[in-house]
Amino acid sequence: MPSHREPGGEPAAAAKGCRTATPADLPAIAVVHRAAFPDFFTTELGPSFLRAYYRAVLEYAGGVLVVHEADGAVSGFAAGFCAPEGFYQELRGRKLQLAAALLPTVLRRPRMLRRIVHNFRRGAGDEPVGPSDSSELSSIAVAPAQGGRGIGRALIEEFVRRSGEGGARYVYLTTDADANEPVIGFYEAVGFTVHHTFEGYAGRRMHEFRREGR
Ligand SMILES: CC(C)(COP(=O)(O)OP(=O)(O)OC[C@H]1O[C@@H](n2cnc3c(N)ncnc32)[C@H](O)[C@@H]1OP(=O)(O)O)[C@@H](O)C(=O)NCCC(=O)NCCS
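Numbering of the sequence shown is given in the working numbering, commencing with residue -17 and proceeding in unit increments.
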C-alpha cells in the first residue's frame, strides 16, 4: 500500500469525491467489489447478485450507499443501513429477485446453495443484528489501484455522518478476528474499536467493531 500523504492534501481531496450512489453506479460498484474482494463468498455469488444486493441497499429507506469518484470513475464505495433488522426483512422480501440473480451461479456451482441459505437466514436469529438506532456497515471497498490515498477513510467518515443523520447512535460491522490484520488495522485507524467477539459461520471467530455515530 502506498505511504501516506501530507496533512490537508489528499484526505481533503478524497472527502470531496464522496457522493450518494445512484442506480447508474451499481455496475461500477459490483466491479470494485469483485476487484477488492477477489476470494470472497459474495464475489463468488456473481455480478448480477452483487448488483441486486446493492440495489436493495439503495432502495431501503435506511440504506446508506456512498461512492467515491475519481476522474469520472467509481474508485470505492461504502454500503450499509440504519435500522438493520428492517433491511434484512426487506432482503427476505426480495427472495425471488435475489434467487433469479443467483441462478447462473447456482447452476454452475450447486454446492454453494448451503452457504447461500445460511447467509439468507442471517437476521432470522442466526447472528445478532443491531438495534433500530444502529447502522450496519455491510461492506467498504476501494479499487486496489486507488488504495492508501485516504479514500477508505473518507468513505467511512461519510458513512458515519450519514448514519448519524439517519438516526444511528453507532455504526457497527463484523469481520474475522483471525488472520485479518490489514482489515482490523484499517478499522482501528479510522476510529472503530472491538465491542465483542463471537463465533460465526463454520466456527469462524468474528469481531464486532463499533464507532459512535454522533
Ligand atoms: C480496507 C480498505 C477499504 C482501505 O481503503 P484505503 O483507501 O486503502 O484506506 P485509507 O488510505 O483511507 O487508509 C485509512 C487509514 O487506515 C490505515 N490502514 C489502511 N490499511 C491498513 C493496514 N493494513 N494496517 C493498518 N492500518 C491500515 C491507513 O494507514 C490510514 O490511516 P492514517 O490515515 O492514519 O494513515 C481497502 O484496502 C480495501 O478495499 N480492501 C479490500 C476490501 C476490504 O477488505 N474491505 C474491508 C472489509 S468489508
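Ideal Cβ positions, reconstructed from N, Cα and C, are used throughout, including at glycine.
>> Please state whether the Cβ-Cβ distance between residue 114 and residue 141 is less than 9 Å.
In response: As a working mapping, residue 114 is identified with position 132 in the sequence shown. As a working mapping, residue 141 is identified with position 159 in the sequence shown. No. Outside cutoff.
Which of the three DSSP states is assigned to residue 42 in this structure? Numbered from its first residue, the sequence shown carries residue 42 at position 60. Coil, per DSSP.
Q) For the 8 Å Cβ check, are there 3 or more pairs between the segment 69 to 79 and the segment 14 to 21? A) no
Problem set entry | Helix, strand or coil at residue 4 according to DSSP, with G and I counted as helix | Within the sequence shown, the letter at position 22 stands for residue 4. Coil at residue 4, not helix or strand.
How far does the alpha helix (DSSP H) with residue 159 in it extend, from its first residue to its last? Indexing the sequence shown from 1 puts residue 159 at position 177. Segment: none, residue 159 is in no alpha helix (DSSP H) and carries neither H nor E.
Roughly how many angstroms separate the alpha carbons of residue 162 and residue 133, rounded to a whole number?
For this step, residue 162 is matched to residue 180 along the sequence shown. For this step, residue 133 is matched to residue 151 along the sequence shown. Roughly 20 Å between the two C-alpha positions.
Residue 144 - containing beta strand (DSSP E), residue span
As a first step, residue 144 is located in the sequence shown; it is residue number 162 there, counting from the start. Looking at the DSSP string, residue 144 is not in any beta strand (DSSP E); the run it does join, the alpha helix (DSSP H), is 133 to 147.
Cα-Cα separation between residue 10 and residue 56, rounded to whole angstroms | Here residue 10 is taken as the residue at index 28 of the sequence shown, counted from 1. Here residue 56 is taken as the residue at index 74 of the sequence shown, counted from 1. When rounded, the distance between both Cα atoms is 6 Å.
Best match in 155, 172, 0, 99 for proximity to residue 180 [C-alpha to C-alpha]
In the sequence shown, residue 180 corresponds to position 198, counting from 1. Looking at the Cα atoms, 155 is the closest of the given residues.
Review point. Closer than 8 Å: is that where the CB of residue -4 sits relative to any heavy atom of ligand 1?
Key: For this step, residue -4 is matched to residue 14 along the sequence shown. True, at least one ligand heavy atom lies under 8 Å from that Cβ.
With a threshold of 8 Å, establish whether the CB of residue 8 neighbours any heavy atom of ligand 1. Locating residue 8 in the sequence shown gives position 26, counting from the first residue. Not so, every heavy atom of ligand 1 lies at least 8 Å from the Cβ.
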